[in-house]
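Worksheet for the structure shown next.
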Amino acid sequence: MLNYVWIGLIVLGILIAVGNDLKDDFHNTYRNGESLNAMVLVDQPPSALRESWEGEMVIPADDFNAFYGVTSATKEIRQPVRITTATTGESSLLLNVDAAAPEPWRTMAKNATSKDKLIGTLRSIRFEEGGKRAHVEIILEPIRFVKIRAVTQAALDYASTAVNIALGLIGIMALWLGVMKVAEEAGMIRIVTRMLTPLTKRLFPEVPPDHPAVGSMIMNLAANMLGLSNAATPMGLKAMEELNKLNPKLGTATNAMCTFLVINTAGLVLIPATAIAVRAAAGSANPGIIIGTSIFGASCATIAGLIAVKLLQHMPRFKKDDPALQPSSEREGGKEDAHD
Amino acid sequence: MTELFKTALTLVSFVAIPLLIFLFLGWGFVKKVKVYEVFVEGAKDGFTTAVRIIPYLVAMLFAIGVFRASGAMELLVALLSPVTNLIGMPAETLPMALMRPLSGSGSLGIMTELMKVHGPDSFIGVLASTMYGSTETTFYVLAVYFGSVQVKNTRHALPAGLIADLFGMLGAVFICRVLFGI
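So the sequence lines, in the order shown, correspond to chains P and Y. Just so it is clear: in the first sequence, position 110 is 110 by the working numbering, and no numbers are missing. Just so it is clear: in the second sequence, position 112 is 452 by the working numbering, and no numbers are missing.
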């Protein structure tokens, strides 16, 4: 299953990116090669020493929206510009695109030759009021393959994000695995395990009720519910390691592992701290109002997930790989490639 | 009552970590465990576990990154919005529901954006934050947890996890409509 979803994400992503770029080309979303009329308020006119002059390009919102066929401009556009007039050849301009600029200029600037700037050529220029204002007709540089470039960038960025996340776990992991080891040696985990045996026996029938995995799983779930995510992950990984000790076929998930994972992905938290913090930052009158609704939503997720995991494990396609039902009971060391 | 519950839980989440460390290490010391030596022995695995996860996390996050950057989300939203309109889920929150299992930072960004545009106490704002709290980032959890024990054949964990996400989102829509309905 994961194989299909994984390749689906990648193949669909690339195909849709190509499709979007073709669509942009077809509709000429970025108006490549079309000329746009604008006015420039001149700050520094050209002098004998300088061939370039600086000013502010002004385009009425309606003109901009009509030109690009968008509705993104809500007020008059004002962006700094520098125009270099050449005696021979084409005059050029360099348009600064900042955060105040409307779409599609920001997207265009992101994909332009130089970042956050759009280069263009000057088709015509007409001064008025003694050189203070100028009417210009410009063609901006052609912008193509926006999505494909974004996909390339994302692939590289996310790959290094993954490494950063993993490396960031090292310290927390070491701390909690150390604490857990002491707790284990002291018999603490066994006490926790015994307290909740009636529940864990039902959820994880494959795991012996006094196995250390049970203690780790309970502590992980408790930490998760309290919202202690940086303690919960190390405990959860510890639990996975213990569960893996019961796994007759390394490299394949056991029923208990799947059940444990689904409880984790459903993410039942008593206080959804992140969401509350964002709400408070956004100026909510009552940031905590979502506590009850979140608990309800996450309970739905948990119950549905548990039912699903218990039903799906009997489906032939998942059952045939069940490590507990493999003919040879010895551990195969995970050499075998995963089939779906 | 809810205030009290909230204060108690906030308190617990503040003191829980020092309390756990104190309890576990203190109990170990009482039980005559060589605490320092055992701690170091356990902590040794921190590095290997974290490093073991890397290939799994790279595979997962890179695929999600490609999918997000391609504009596939907009296409999915366009395809699914007629269905979600039927159950009274505003189309604005559909990207949130789709992003939640894929990316934690992505859904956090969508949630923040929705609150900025519609206001945190609007129906959309409340629903988006409820959705955020209603499930975990399934793909990330899957990669990290199974990666740490080198499990490649994840069997029914992903479909079950996604079913959980689906019901989490449906539950969020249901409860928000009942309590803050439009």
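Heads up, the beta-carbon is just placed ideally off N, CA and C, and yes, glycines get one too.
The shortest CA-to-CA distance from arginine 495 of chain Y to any of P:Phe318, P:Leu250, P:Pro327, P:Glu90 is the one to P:Phe318.
The beta carbon of valine 70 of chain P sits no closer than 8 Å to any beta carbon of chain Y. Here proline 395 of chain Y is not near valine 417 of chain Y, since their CB atoms are 8 Å or more apart.
Rounded to the nearest whole angstrom, the C-alpha separation of arginine 82 of chain P and leucine 94 of chain P is 5 Å. Within the same chain, and ignoring the five residues on either side of leucine 365 of chain Y in sequence, the residues whose Cβ sits closer than 7 Å to its Cβ are Val375. Close partners of phenylalanine 318 of chain P in chain Y (Cβ separation under 7 Å): Arg495, His496. Listed along chain P, no residue sits closer than 9 Å to proline 430 of chain Y by beta-carbon distance, the nearest being about 15 Å off.
When the beta-carbon positions are compared, glycine 178 of chain P and valine 380 of chain Y come within less than 8 Å of each other.
Here DSSP, grouped into helix, strand and coil, assigns glutamine 490 of chain Y to coil.
In this structure, the beta-carbon distance from alanine 437 of chain Y to methionine 471 of chain Y falls below 8 Å. Partner residues in a beta bridge of histidine 496 of chain Y, as assigned by DSSP, do not exist. A residue is called buried when at least 16 other Cβ atoms come within 10 angstroms of its Cβ; glycine 511 of chain Y meets this threshold and is buried.
Counting only runs of 4 or more residues that sit fully inside the segment 149 to 185 of chain P, no alpha helix (DSSP H) segment turns up. For methionine 225 of chain P, there is no enclosing beta strand (DSSP E); the residue is part of the alpha helix (DSSP H) that begins and ends at 212 to 225.
Check the Cα spacing between phenylalanine 204 of chain P and each of P:Arg279, P:Ile14, P:Val309: the tightest is with P:Val309. By the criterion of a C-beta distance shorter than 8 Å, glutamate 76 of chain P is surrounded in its chain by Val58, Ile59, Pro60, Ala61, once the five residues flanking it on both sides are discounted. In the three-state reduction of the DSSP assignment, asparagine 37 of chain P falls in the strand class. With a minimum length of 4 residues, the unbroken runs of alpha helix (DSSP H) contained wholly in the segment 50 to 79 of chain P fall at 61 to 68. With respect to chain Y, the C-beta atom of phenylalanine 296 of chain P has a partner C-beta closer than 8 Å.
Within chain P, Leu9, Ile10, Leu12, Gly13 have C-beta atoms less than 8 Å from the C-beta of phenylalanine 407 of chain Y, given in sequence order.
Nearest CB-CB separation between valine 355 of chain Y and chain P: not below the 8 Å threshold. Among the residues facing chain P, alanine 418 of chain Y is not included, as its CB has no counterpart in that chain under 8 Å away. In this model, alanine 275 of chain P and lysine 132 of chain P are separated by some 52 Å (Cα to Cα). Threonine 478 of chain Y has its alpha-carbon roughly 18 Å from the corresponding atom of alanine 231 of chain P. Under the DSSP assignment, isoleucine 7 of chain P falls outside any beta strand (DSSP E), being part of the alpha helix (DSSP H) whose first and last residues are 2 to 27. For asparagine 96 of chain P, DSSP records a beta bridge to P:Lys117.
Glutamine 326 of chain P has a beta carbon lying at 8 Å or more from every beta carbon in chain Y. In this chain, the alpha helix (DSSP H) harbouring histidine 458 of chain Y covers 444 to 458.
Cβ-Cβ separation between isoleucine 218 of chain P and threonine 200 of chain P: approximately 7 Å, consistent with a contact (criterion under 8 Å). In this structure, P:Gly13 is the residue among P:Leu118, P:Gly13, P:His314 with its C-alpha nearest to the C-alpha of isoleucine 148 of chain P. DSSP places alanine 134 of chain P in the strand class (E or B) of the three-state scheme. Contact annotation: alanine 155 of chain P and valine 40 of chain P have beta-carbon atoms that are not nearer than 8 Å. In this chain, phenylalanine 145 of chain P is not harboured by any alpha helix (DSSP H), its DSSP state being neither H nor E. For the pair serine 474 of chain Y and serine 294 of chain P, the CB atoms are nearer than the 8 Å cut-off. Leucine 122 of chain P is bridged by DSSP to P:Ser91, P:Ile138.
Interface residue (Cβ-Cβ distance to chain Y less than 8 Å): proline 272 of chain P is classified as such.
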